[in-house]
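Student:
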Ligand SMILES: Nc1ncnc2c1ncn2[C@@H]1O[C@H](COP(=O)(O)OP(=O)(O)OP(=O)(O)O)[C@@H](O)[C@H]1O
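Numbering (the UniProt record's numbering), first residue to last: 1 to 184.
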């Protein structure tokens with residue numbers, strides 16, 4: 001069984017995926033390292049640009065019959081049996097990425113992606129089995145226990161649990177609004 005753990009950068013995918021794999025006794029697979037290992041994608045500066053279909057082909061071929069937790073911000077586009085989309089208050093994403101030294105532009109891009117549910121919407125296009133978990137104010141342990149609880153109940157789909165637009169005023173400072181052009 002392939003369980004994909006996805007979400008906006010900084011949401012906690014790696015932390016949660018490793019712990020989830022440990023508790024389930026599954027192998028942990030970092031999708032970026034998996035791509036590199038199989039020669040998928042091209043390095044553009046620090047970033048690895050991959051062809052999603054090519055990566056999905058290798059995931060299907062190499063991991064299909066294994067018990068793995070797949071970690072990566074493209075994992076929701078892979079042929080997984082179960083997708084977990086982690087969510088966090090966009091302000092938290094902004095603070096974590098600021099701490100990592102990301103540029104204002106990169107922070108704004110990711111905060112906005114979390115605000116408007118980009119990962120979730122992409123996942124819905126690809127997979128029926130999606131569980132969304134709000135990690136805000138929870139420890140990684142609590143998040144993993146929540147995931148295990150849902151899976152143990154046989155629930156495969158639980159979406160629409162957060163609406164960050166309610167907190168728009170708190171999120172605005174992290175966004176780059178208006179661009180360079182003046183409104184006339
Ligand atoms: N409930 C939580 N779940 C997961 N991570 C949490 C939680 N609370 C705090 N954190 C912290 O948030 C940070 C998330 O970092 P992590 O590398 O796991 O995110 P990521 O989504 O994998 O990022 P990236 O996509 O950039 O690799 C870690 O420092 C982690 O300790």
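Think of the CB as a built atom: it goes at the ideal place given N, C-alpha and C, for glycine as much as any other residue.
Which whole-angstrom value is the C-beta distance of residue 136 and residue 89, which I expect to be below 8 Å?
Tutor: Separation of the CB atoms of residue 136 and residue 89 is rounded to 5 Å, and the pair is thereby assigned contact status at 8 Å.
Student: With residue 71 and residue 24 assumed to form a contact (beta carbons below 8 Å), what rounded beta-carbon distance in angstroms separates them?
Tutor: Between residue 71 and residue 24 a beta carbon distance of about 13 Å is seen, past the 8 Å cut, so the two are scored as non-contacting.
Student: With DSSP as the reference, identify every bridge partner of residue 47, one or two as the case may be.
Tutor: 44
Student: Measure the CB-CB distance between residue 133 and residue 143 and report whether it falls below 8 Å.
Tutor: yes
Student: Say the cut is 7 Å; is the CB of residue 90 nearer than that to a heavy atom of ligand 1?
Tutor: no
Student: To the nearest angstrom, how far is it from the Cα of residue 18 to the Cα of residue 114?
Tutor: 22 Å
Student: Say whether the region 79–94 touches the region 165–175, bearing in mind that this needs 3 or more beta-carbon pairs closer than 8 Å, one atom from each stretch.
Tutor: Taking 8 Å as the limit for Cβ pairs, the verdict is that the region 165–175 does touch the region 79–94.
Student: What residue does the alpha helix (DSSP H) around residue 149 start on, and which one ends it?
Tutor: Where residue 149 is concerned, the enclosing alpha helix (DSSP H) stretches over 140–152.
Student: Taking all protein chains shown into account, do 16 or more other C-beta atoms lie within 10 angstroms of the C-beta of residue 13, making it buried, or fewer, making it exposed?
Tutor: buried
Student: Starting from the Cα of residue 125, find the closest Cα among 46, 69, 152 and 78 and give me that residue.
Tutor: 78
Student: Just to confirm the assignment, what range does the alpha helix (DSSP H) spanning residue 168 have?
Tutor: 168–171
Student: Got a sec? Which residues, its chain only, sit under 7 Å from residue 171 by beta carbon, not counting five neighbours each side?
Tutor: 90, 91, 111, 115 and 164
Student: Checking 8 Å against the spacing of the C-beta atoms, do residue 52 and residue 35 come in under that value?
Tutor: no
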